[in-house]
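Q:
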Amino acid sequence: MKPLDLIAISDIYADLHVLSGLVSKLGENGRENRVAVIAGDIGVSSTKNYIESVCQVFTLLLKVNKYVLYVPGDSDEKQLEVNMPGVLNIDGKNYVLRFEDVNIGFLGLGGAPKHSVRGDEILPYLWDENIPTMSAELETKLRINVQKVAHESPDHIILVTHSPPYGVADRSKPITLREIAVLEELLEELKGEVKLETKKVMEKTSSTLRHLGSRVIRNFVRYYKPDIHIFGHVYKEGGKTQTEEGTKFFNVSHLSSLPYKLTGRNFLKLKITKEDIIPSFDHVITENNISFSEFIEKYI
Amino acid sequence: MNVCGFREEFGLRDDQKPIVEEALCEFEEFNRQNVFISLPQGTGKTIIALAILSKLINDGKVRRVLVLIPGRQLVKQWMDKANMMFYGLGLIEYAKLSKEDVDKIRGSLKYLGAVGVAMTIQSFKNVIKKEIFTEEDFDIVIIDEAADLVISRDFIEGFRMSKYLKGMEKWQKIKLFLLPYHVSEKKIIGLMKKFGKNSKLIRKMVKPPTCTIRDPEVIEDPLINIFVETLQENYKKIKTSVHRLLNKYGVEGYRENLETLLNPDTLERLKMIYHLDEDTLQQIQLLIVKYILIQHIEKWFLYSNRAELSRSILSAQRDVKVWLNNEDKKLSKLVEIVKNCLNENKKVYIFSQYLATAEYITGSLTKSLSLKPRDIVLITGLDEAEAQYEKLSSFKDVGKILVTTPVFGKGTDIPEADVIIVYTPPLSTERLFQVVGRIRGGEVIFLAYKGYEEEIMNFVAEELRKALASEESETPGLDRYL
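Chain order of the listed sequences is A and B.
Offset between the first sequence (1-based) and the numbering used here: plus 40.
Offset between the second sequence (1-based) and the numbering used here: plus 1082.
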């Protein structure tokens, strides 16, 4: 039996150049055994031809993947629907994928908590989990979907959200899509202007490192324990993996080369069999054998 | 009969006595309102201040004291020193006071078995705003690490007062200011001007037991030298390219802080004044982005930030991949040094500028040396002030290794440590002096990769040696390297 290859990516921002690199890296061979999962921020809704660019993303991915499952991120339109065979929006929904003898249950939640982005960023898909009705609605969505998935007795349950759960690979300053703002943060660190604040101050101010993840998602994962949780959004923590109480967490941020070049071009590969899931991170790098100096020249 | 004083087993050292006498003379004979004492770190400024206070109380000059301190851990340190070394000189931590306590203090502090209240300068701001205490509640104010009062240069006033202590300059009570010696005299004079003419500065280069700066421990790792030299070359090349572009258009300034050219307003200004076209501006921006990223990456390599490197795009480069799969030679060297120190029953303090590195060091030492949790103490900004203090106490009492980020404010002493290992140097000379000044005597060890870093660390160690040996503690050349 061939394992199923699941490619998990997020925060693409319609960077078709890097995406093409990913497509050539994966190759068309093995398309039938491969599924892509996008954990949000497929494009930037405020740009011209947003839908067109999102469709291009899906088209490229479909060249090398049999299915593309996605949730929209905070930079996407909330109701991001495209009519393309093999492409499925799992935001607030569930889907059970049957591949040979393996059944994989997916459930998703798009958007991001309001507290995780900078106040001056205008983004279309944010929710405020401090509003009780809002958090209750999100919780309910997740619970209903996990119940439905569990009913199908899958071998593995995979949760796909754009936001990380609170406290897992989510420590950063509030998110910005502007590279310059990210660099300002690096500069502060380099010059030692960042004061290491106490926890109390971290929770209060927007200019310090803090946990940006969602408490609603955290609580859900804590009690319903999916096998895998894939998310993105906090790009500085991209590539982090953590295991807690049976759930393996993967921050797959971010496929685009910006806004933070150093964690960019990142993707996760999961080799899934009935019994096991083997993860490995990789980067979309076309020249693997170049010297350090050339590498810096080309990719930094 | 004295109401307070040193407990039997404690007293002033010979080098501290003349300073106490001079300060008392200024207060009692010359009726100074403000006395500024500037002494090197490790000379016992807290003890000196408490001894002065004790004498003033015994002479009936003052009854109630307000002690203002920059951070919570230092408040605890002050209270501990007052309680442990002196009788009749208890201090109360403001944060622990109830409303009833405050009312009692207004009557007499003696109800609470204390002569004063210690608080952070941040608390002071609120206290004054809410009029919980006023000037009338105290007879003397002691301000520790008073250099923080003047936070930066101001074009109009010369120096600007910290917002936390605004209003203090108008208090008519006597005030004792404690400052480290490495604060420049010019800055102290700027500060004194704020407090009026009836002020006196006592500034002495009293030598505390000095530490020995060992030659840096050199680590051989050819790959890391290639990475760092490549990054350095790139860094210089980018700098030259930006300079060339700026010269081409006759742009003045910005050379020292190229990163200001990332500011959209600055770029807009350049466009207007020097007629820089969009392409050139974009080129400048791209170069500066790279310039910042390169500096950032260099630190990852030098300071064992393997976790970040493994997650980053760099991990896809063949040589970096090899390096990441090899042992961390800097860490191995650290393990070796720490092991030797522990064998000699020495307590070790390891300083790292970066949180990730501090966590990595702690985890790795625990594993390699099979340490018990109480043996190694990690203190970072993630710990609340209370926890930081408790952890520091546990290191002093039972711990063997202390690992910290730049979490402690000035004046935090760690005399129990016999060795300081600077794993990643602090980012300024002032900070370096603070770190090194925390131990009394003992050794300071820098770690450096052979080659580029070795050269820098040799220079830092040499400059530090010279500064500690001479009367002058200012080493302007150092900041360039830190």
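By construction, the Cβ of each residue, glycine as well, lies at the ideal position given by its N, Cα and C atoms.
Is any beta-carbon of chain B found at less than 7 Å from that of Arg262/A?
A: Chain B contact via Cβ: absent.
Q: On a CA-only basis, which of Leu1396/B, Asn1408/B and Ile1222/B is nearest Glu334/A? Give me that one, please.
A: The residue with the shortest Cα to Cα distance from Glu334/A is Leu1396/B.
Q: Taking Cβ positions, are Ser320/A and Lys309/A nearer each other than 7 Å?
A: yes
Q: Under 8 Å by Cβ, that's how I've got Ile312/A and Leu66/A pegged, so tell me the actual separation to the nearest angstrom.
A: With a beta-carbon spacing of about 16 Å, Ile312/A and Leu66/A fall beyond the 8 Å limit used to define contacts.
Q: For Asp1401/B, would you say it is in contact with chain A, using Cβ-to-Cβ distances shorter than 7 Å as the test?
A: Residue-level contact check: Asp1401/B touches chain A, since one or more beta carbons of chain A fall below 7 Å from its beta carbon.
Q: Within 7 Å (strictly less), CB to CB, does Phe1541/B reach chain A?
A: no
Q: Quick one: does Glu1091/B have its CB under 7 Å from some CB of chain A?
A: no
Q: Could you pull the start and end residues of the alpha helix (DSSP H) that Ser1414/B belongs to?
A: Lys1411 to Asn1425
Q: For Asp1226/B and Thr1216/B, I'd like the C-alpha separation in whole angstroms.
A: A direct Cα-to-Cα measurement between Asp1226/B and Thr1216/B gives close to 19 Å.
Q: Is Thr1312/B close to chain A, meaning its C-beta is less than 7 Å from at least one C-beta of that chain?
A: yes
Q: Please say whether Val1300/B and Ala1467/B have beta carbons closer to each other than 7 Å?
A: No. Outside cutoff.
Q: Grouping DSSP H, G and I as helix and E and B as strand, with all else coil, what is Pro164/A?
A: In the structure shown, Pro164/A adopts coil according to DSSP, grouped into three states.
Q: Kindly indicate the opening and closing residues of the beta strand (DSSP E) around Ala1530/B.
A: Glu1525 to Tyr1531
Q: Taking only beta-carbon atoms, is Lys1245/B less than 7 Å away from chain A?
A: no
Q: Distance check for Lys1548/B and Gly1126/B, CA to CA, integer angstroms please.
A: 22 Å
Q: Below 7 Å between beta carbons: does that hold for Ser1475/B and Tyr1263/B?
A: No, they are not a contact pair.
Q: Does any residue of chain A have a CB that is nearer than 7 Å to the CB of Lys1372/B?
A: yes
Q: Taking buried to mean at least 16 other C-beta atoms within 10 Å of its own C-beta, is Glu277/A buried or exposed?
A: In summary, Glu277/A is buried, with 16 or more beta-carbon neighbours lying within 10 Å of its beta-carbon over all protein chains present.
Q: Could you tell me if Leu1550/B is buried or exposed, where buried requires 16 or more neighbouring beta carbons within 10 angstroms of its beta carbon?
A: buried
Q: Ends of the beta strand (DSSP E) at Glu1299/B?
A: Glu1299 to Ile1301
Q: Drop a sphere of 10 angstroms on the beta-carbon of Arg1337/B, count the other beta-carbons inside from all chains shown, and report buried for 16 or more, exposed for fewer.
A: exposed
Q: Quick one: what's got a C-beta closer than 7 Å to Tyr1356/B's C-beta in the same chain, skipping five residues either side?
A: Non-local C-beta neighbours of Tyr1356/B in its own chain, meaning closer than 7 Å and more than five positions away in sequence, comprise Tyr1331, Gly1332 and Val1333, ordered along the chain.
Q: Could you name the residues of chain B that Glu219/A contacts, counting a contact when the two beta carbons are closer than 9 Å?
A: Going along chain B in sequence order, the residues near Glu219/A (Cβ under 9 Å) are Val1371.
Q: Out of Ser1136/B, Asn1113/B and Pro1122/B, which one is the CA nearest neighbour of Gly1093/B?
A: Ser1136/B
Q: Since Tyr206/A meets chain B, which of its residues come closer than 9 Å, beta carbon to beta carbon?
A: Simply none; closest approach about 15 Å.
Q: Using a C-beta to C-beta distance shorter than 7 Å, which residues of chain A count as neighbours of Glu1341/B?
A: Residues of chain A with a Cβ closer than 7 Å to the Cβ of Glu1341/B are, in chain order, Leu227.
Q: Using 8 Å for Cβ pairs, my map puts Gln1098/B next to Ile1134/B. What's the rounded Cβ distance?
A: No, Gln1098/B and Ile1134/B are not in contact; Cβ-Cβ is about 10 Å, not under 8 Å.
Q: Using a Cβ-Cβ distance under 7 Å, would Asn1113/B count as near chain A?
A: no
Q: Applying the criterion that 16 or more other CB atoms from any shown protein chain within 10 Å of the CB defines a buried residue, is Asp1047/B buried or exposed?
A: The displayed coordinates of chain B run from 1083 to 1564. Any statement about residue 1047/B would go beyond what the structure contains.
Q: Count the other CB atoms within 10 Å of the CB of Tyr263/A; is the residue buried (16 or more) or exposed (fewer)?
A: In the assembly as shown, Tyr263/A is an exposed residue. Its beta-carbon has fewer than 16 other beta-carbons within 10 Å.
Q: By the three-class DSSP mapping on this structure, what secondary structure does His273/A have?
A: coil
Q: When the Cα atoms are used, what is the spatial distance from Val186/A to Ser193/A?
A: 11 Å
Q: Just to confirm my understanding: we take Asn1084/B, look at its own chain, exclude 5 residues before and 5 after, and list those with CB closer than 7 Å. What are they?
A: Asn1140
Q: Chain B partners of Glu213/A, CB-CB under 8 Å?
A: According to the sequence provided, residue 213/A is Lys. The question's Glu does not apply to it. Within chain B, no residue comes near Lys213/A; the closest Cβ sits about 14 Å away, beyond 8 Å.
Q: Please determine if the segment 257 to 273 of chain A and the segment 197 to 212 of chain A are in contact, where contact requires at least 3 C-beta pairs separated by less than 8 Å.
A: yes
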